[in-house]
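Asks: In our numbering, the protein residues as written are 8 to 186. We treat Cβ as the ideally placed atom computed from N, Cα and C, and that holds for glycine.
1) Can you name, in chain order, every residue of its own chain whose Cβ lies under 7 Å from the Cβ of residue 22, other than the five neighbours on each side?
2) Measuring only the C-alpha atoms, how far is residue 92 from residue 105?
3) Is residue 31 closer than 8 Å to residue 158 when the C-beta atoms are compared?
4) Can the beta-carbon of residue 20 be found closer than 8 Å to that of residue 177?
5) Taking the C-alpha atoms as reference points, what is the distance between residue 122 and residue 116?
6) Considering only residues of the same chain and omitting the five flanking positions on each side of residue 39, which have a CB-CB separation below 7 Å?
7) Around the Cβ of residue 35, are there at least 16 other Cβ atoms within 10 angstroms (buried) or fewer (exposed)?
8) Three or more beta-carbon pairs under 8 Å between the region 48 to 56 and the region 79 to 91, yes or no?
9) Going straight from the alpha carbon of residue 149 to that of residue 41, what length do you get?
10) DSSP on residue 60, reduced to helix/strand/coil?
11) At the level of alpha carbons, what is the spacing between residue 57 and residue 126?
12) From which residue to which residue does the alpha helix (DSSP H) around residue 136 run?
13) Given a threshold of 16 other Cβ atoms within 10 Å of its Cβ, counted over all protein chains shown, does residue 170 qualify as buried or as exposed?
14) Whose C-alpha, out of 78, 83, 80, 107, is nearest the C-alpha of residue 145?
15) Can you look up residue 66 in the DSSP assignment and give me helix, strand or coil?
16) Would you check if the distance between the CB atom of residue 164 and the CB atom of residue 140 is smaller than 8 Å?
17) What's the C-alpha gap between residue 83 and residue 124?
18) CB residue 120 to CB residue 134, shorter than 8 Å?
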């Protein structure tokens, strides 16, 4: 029974340590982390493209929409190869999409504030959130690669905090787990 508790604590602590290592590596090498995430994304798309293309060709006689699956597979293959060959551009493009999303959300929050025309706390928070989101969206859109490094740094900081919290909670497993 004690081994079970220690085993669970150890596995949870190991998970926390691994997340913290990821966080420290991300903070130490944010540019490499951005490229690595883009390549990982590209490989995922590429593998999906291979699966879709193979499926479409293999089951073309029994699948009515095999041509759309084939087209989707080919597009995924091409996109995956393009991203692998130029991960920086892919990361910048993804940041532009995130920036546009943040700007649109900001405009929605600002619009909500002006539509309600009250000064309740929730409305002030809508306006504040909207302005912050709009400004961050604009920064990301106009400096996508620098923004991607910033976001990766935030992910690294979060990973370190998450790892620490995981280790703290896992240490409590030894004392509070009952079998």
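Replies: Looking at the coordinates:
1) Locating residue 22 in the chain shown gives position 15, where the first residue counts as 1. The answer, listed in chain order, is 173.
2) Locating residue 92 in the chain shown gives position 85, where the first residue counts as 1. Locating residue 105 in the chain shown gives position 98, where the first residue counts as 1. The alpha-carbon atoms of residue 92 and residue 105 are separated by roughly 22 Å.
3) The residue you call residue 158 lines up with position 151 of the chain shown. The residue you call residue 31 lines up with position 24 of the chain shown. Not in contact: residue 158 and residue 31 (Cβ atoms no closer than 8 Å).
4) Along the chain shown, one-based indexing puts residue 20 at 13. Along the chain shown, one-based indexing puts residue 177 at 170. Cβ atoms of residue 20 and residue 177: closer than 8 Å.
5) The count along the chain shown starts at 1 and reaches residue 122 at position 115. The count along the chain shown starts at 1 and reaches residue 116 at position 109. In a straight line, the C-alpha of residue 122 is about 10 Å away from that of residue 116.
6) Working through the chain shown from its first residue, we reach residue 39 at position 32. Counting only Cβ-Cβ distances below 7 Å, and skipping sequence neighbours, we find nothing.
7) The residue labelled residue 35 in the question sits at position 28 within the chain shown. The residue in question, residue 35, is exposed, as its Cβ has fewer than 16 Cβ neighbours within 10 Å.
8) yes
9) As a position in the chain shown, residue 149 is number 142, starting the count at 1. As a position in the chain shown, residue 41 is number 34, starting the count at 1. Near 17 Å, if we compare the C-alpha coordinates of residue 41 and residue 149.
10) Residue 60 sits at position 53 when you count from the first residue of the chain shown. DSSP places residue 60 in helix when its eight states are reduced to three.
11) On the chain shown, position 50 is the one that residue 57 refers to. On the chain shown, position 119 is the one that residue 126 refers to. One C-alpha to the other measures close to 55 Å.
12) Along the chain shown, read from residue 1 onward, the residue named residue 136 stands at position 129. Start and end: 128 to 149.
13) In the chain shown, the residue the question calls residue 170 occupies position 163. Buried, by the Cβ-count rule.
14) Counting from 1 along the chain shown, the entry for residue 145 is found at position 138. Among 78, 83, 80, 107, the Cα nearest to that of residue 145 belongs to 107.
15) For the purposes of this step, residue 66 is taken as residue 59 along the chain shown, with counting starting at 1. Three-state result, residue 66: coil.
16) Counting from one through the chain shown, the residue named residue 164 turns up at place 157. Counting from one through the chain shown, the residue named residue 140 turns up at place 133. Contact flag unset, no.
17) Taking the chain shown and counting its residues from 1, the one referred to as residue 83 is at position 76. Taking the chain shown and counting its residues from 1, the one referred to as residue 124 is at position 117. Each residue's alpha carbon lies about 47 Å from the other.
18) Mapped onto the chain shown, residue 120 falls at position 113. Mapped onto the chain shown, residue 134 falls at position 127. Yes, the Cβ-Cβ distance between residue 120 and residue 134 is below 8 Å.
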